[in-house]
Amino acid sequence: MMNNIIVLPLIIPIMVGVILVFLRPYVKTQRVISLVTMLGMVGISLYILNKIQTDGILRLDFGGWEPPFGILFVADSFAMLFVLIANIVTAICLIYAFSSIGESHEKMFFYPFVLFLIAGVNGSFLTGDLFNLFVCFEVMLLASYVLITLGGKKAQLRESIKYVVINILSSWFFLVALAYLYGTLGTLNMAHLSERVAEAGQGPLLTTISILFLIVFSLKAGLLLFFWLPGSYSVPPTAIAALFGALLTKVGIYALFRTFTLIFYHEPSITHTLIGIMAGVTLVVGSIGAIAYQDVRLISSYNVVIAVGFILVGLAVATQTSFEGSIYYVMHDMIAKAMLFLIAGTMIALTGKTKIDEMSGLIRNYPLFGWMVFVVTCSLAGIPPLSGFVGKLLVGEAAIESGSYVLLALAFISSIVVLYSLLRIFLNSIFGETIISPEDEVPLKKGMIVPIILLAIGTVFLGLGAEFISGYVSDAARTLSNPSVYIEAVLGGN
Amino acid sequence: METLIILLIGILVAVATYLILSRNIIRVILGTAVLSHAVHLLILTLGGLKTGNVPLLTEADAPYTDALPQALILTAIVISFAVTAFILVLAYRAYQDNGTDDLDALRGTNDE
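Protein chains in written order, with the working numbering: chain A, 609 to 1102; chain B, 94 to 205.
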């Protein structure tokens, strides 16, 4: 089904972003327009998601060039669920930014670049062409380079150089992999690639190329190759760090799922085993990192890493149930990680300290905030009825069915580590003796607590309303485990 | 011809790797620039260096040259231009603020 509406998640943020560049001095106007845009995008995503359920996978051939010759956008449930949650999280992070980011940032094009970032993210989710995926990645990355350096503090400049260089290198590997793939198969349309790989058989050469893609996307997702992640996610202002923690690694995860379920699924004994090993090591090393540090931002960053490992366990197991579990978990993780980063940033804003043993008894001063920390702890640990539970249950179930007991054990031990690392924050900083006297208390701004509450509502809704979204998730998982559905929607019926 | 170009790509990648592994930021940036040229050549070569006519149906006869790699390279060049410009400015700012262009000195304090 052709439909022009699926280009809107890419085009609207770019156009509005360009307009906002010209509205630089009018901070209030920028705030209103960017928030309205994001809310509109949430609405559009919901509409497209529901349309897919009735009409099947939607696609848009740009310029009327029919696939496999032109570039196209493809919207299936898997992509749209990512788009939907990404837009919701961005809208909420914007609300947090209103009261925390400061006017100097707002006047230096903060809102336009957030919109460019989300345009790149949405484009990466929706594109049906591997080279176009590279382009959308770069749109997102360039915006993220600007956002991470905005403010120009010493630590930011130091960390952002590493972040930029690592990403240039991984983009280079992406191009190399694309060149080899084009040289071998003569196409870059994902559905067409899948068809040709199936015809020609996934020989050693194609498997090697697939491993190049694995390296590229692992660098972006923080799967095993996450050495750059904790440093660079802990330097920017809170709202930006929350956006990065919630969205950027998920784009890499999306690309991994897409390539290894649609294109390179013929040699699971090599590729999926490798993904499984990488996921396992990520879980272990991430867990060590989450316990080792005292800095709340670093603890949060290592929690991102653990979640990446957990989600990729679902890809390594590669059954329909495990895909469902991973999708639930990704959705949960975007919301809960944004919440965790906002909470970490708020703790730093309230106390002026970054280490957990320098804060204490915050629940006495800020009771509501304390309870929110409790909610995020339970949610990330996967305690029902919060949102982490469903995903963990399904991934665990699939791992047992397929006999991947090592991954199962690692995944669930890591959940205990997550619980422990967050309980450390809770017990040290939220409970304990109150060291801030009522006179010295920094008032907790409404603009800071409201987004955190909204995210908390999101995690509760995802948990209690799992039944409500299960239709979308099972449709997404069905497409992932049957590549022919996707290929038929793109190449069939011309 | 393909072999020659592949050898050239190899040399470029070797040079770029050497540059990227040095401690000086400017050399690292030059390294990434050389690296991007290498990959552009690679795309061109793997698309096939066969001589053919321009791919315009009414203007020329078959065989046609594959135009897609050139379109890909054009896009990639624009992107690498933007990224290189950005990182040059970033390196200059970092040099101004941190007072050094040595990556070892930019490791950051280990108090965290």
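Note that beta-carbon positions come from the ideal geometry of N, C-alpha and C, so glycine has one too.
Any chain A beta carbon closer than 8 Å to residue i
i	result
R116 of chain B	no
I98 of chain B	no
I104 of chain B	no
R120 of chain B	no
V132 of chain B	yes
N203 of chain B	With a pLDDT of only 49 at N203 of chain B, under 50, the local geometry of the prediction cannot be trusted, and no value is derived from it.
I170 of chain B	no
V176 of chain B	yes
G145 of chain B	no
A187 of chain B	yes
D197 of chain B	no
L51 of chain B	For residue 51 of chain B there is no data in the structure shown, the boundaries of chain B being 94 and 205.
D190 of chain B	yes
L167 of chain B	no
A160 of chain B	no
L135 of chain B	yes
A184 of chain B	yes
Pick from the options that is closest to residue i, judged by C-alpha positions
i	options	result
C744 of chain A	A:V615, A:G648, A:L1002 and A:R905	A:V615
T879 of chain A	A:L923, A:P838, A:V859 and A:I656	A:L923
R905 of chain A	A:I861, A:T929, A:A847 and A:G933	A:A847
P617 of chain A	A:A808, A:G672, A:L628 and A:M688	A:M688
S795 of chain A	A:P675, A:N775 and A:L765	This sequence places Thr at residue 795 of chain A; Ser is not what is there. Of the listed residues, the one whose Cα sits closest to T795 of chain A is A:P675.
A863 of chain A	A:I823, A:V1081, A:V893 and A:S895	A:I823
V644 of chain A	A:L958, A:N695 and A:S768	A:N695
G141 of chain B	A:T792, A:Y1028 and A:V916	A:T792
A849 of chain A	A:F949, A:W836 and A:E711	A:F949
V1009 of chain A	A:Q928, A:A1064, A:V913 and A:D1048	Here residue 1009 of chain A is Glu; the residue named in the question, Val, does not match the sequence. It is A:Q928.
F690 of chain A	A:R866, A:G672 and A:V805	A:R866
L647 of chain A	A:I1038, A:Q661 and A:T698	A:T698
L831 of chain A	A:G860, A:I622 and A:L765	A:G860
Residue-chain proximity (residue i, chain B), Cβ-Cβ < 8 Å
i	result
V626 of chain A	no
V824 of chain A	no
L755 of chain A	no
K715 of chain A	no
Y790 of chain A	yes
E966 of chain A	no
S995 of chain A	no
Alpha-carbon spacing of residue i relative to residue j, whole angstroms
i	j	result
F706 of chain A	G1055 of chain A	7 Å
F872 of chain A	A131 of chain B	26 Å
S930 of chain A	M798 of chain A	23 Å
V938 of chain A	M649 of chain A	20 Å
A785 of chain A	I166 of chain B	14 Å
L139 of chain B	Y790 of chain A	7 Å
K1074 of chain A	L1001 of chain A	Lys is not the amino acid found at residue 1074 of chain A; the sequence shown has Ala there. Computed Cα separation, rounded: 12 Å.
E1096 of chain A	R1086 of chain A	14 Å
I620 of chain A	V629 of chain A	14 Å
C701 of chain A	F834 of chain A	24 Å
F1034 of chain A	I102 of chain B	54 Å
L741 of chain A	S732 of chain A	5 Å
S567 of chain A	T881 of chain A	An answer regarding residue 567 of chain A cannot be provided, because it is not within the stretch 609 to 1102 covered by chain A.
S129 of chain B	Y771 of chain A	18 Å
M748 of chain A	F179 of chain B	14 Å
R632 of chain A	P720 of chain A	9 Å
V1093 of chain A	L657 of chain A	17 Å
I703 of chain A	S752 of chain A	19 Å
Residue i in three-state terms, based on DSSP
i	result
M798 of chain A	helix
T815 of chain A	helix
N973 of chain A	helix
F782 of chain A	helix
R1032 of chain A	helix
G735 of chain A	Correcting the residue identity first, residue 735 of chain A is Thr in this sequence and not Gly. T735 of chain A: strand per DSSP, three-state reduction.
V743 of chain A	helix
L150 of chain B	coil
N117 of chain B	strand
R667 of chain A	strand
M886 of chain A	helix
Y185 of chain B	helix
K143 of chain B	coil
F931 of chain A	helix
K1053 of chain A	coil
M610 of chain A	strand
Item to check | Validate contact between the stretch 617–637 of chain A and the stretch 658–671 of chain A using beta carbons, cut 8 Å, 3 pairs | outcome: no
Checklist entry - So, do the stretch 110–127 of chain B and the stretch 153–163 of chain B have three or more beta carbon pairs nearer to each other than 8 Å? => result These segments do not touch.
Item to check | Touching by the beta-carbon criterion (3+ pairs, under 8 Å), the stretch 710–721 of chain A and the stretch 958–969 of chain A | outcome: no
Checklist entry - Any chance the stretch 964–984 of chain A sits against the stretch 882–899 of chain A, with 3 or more Cβ pairs inside 8 Å? => result no
Checklist entry - How about the stretch 1024–1032 of chain A and the stretch 949–959 of chain A: do they share at least three Cβ pairs that are nearer than 8 Å? => result no
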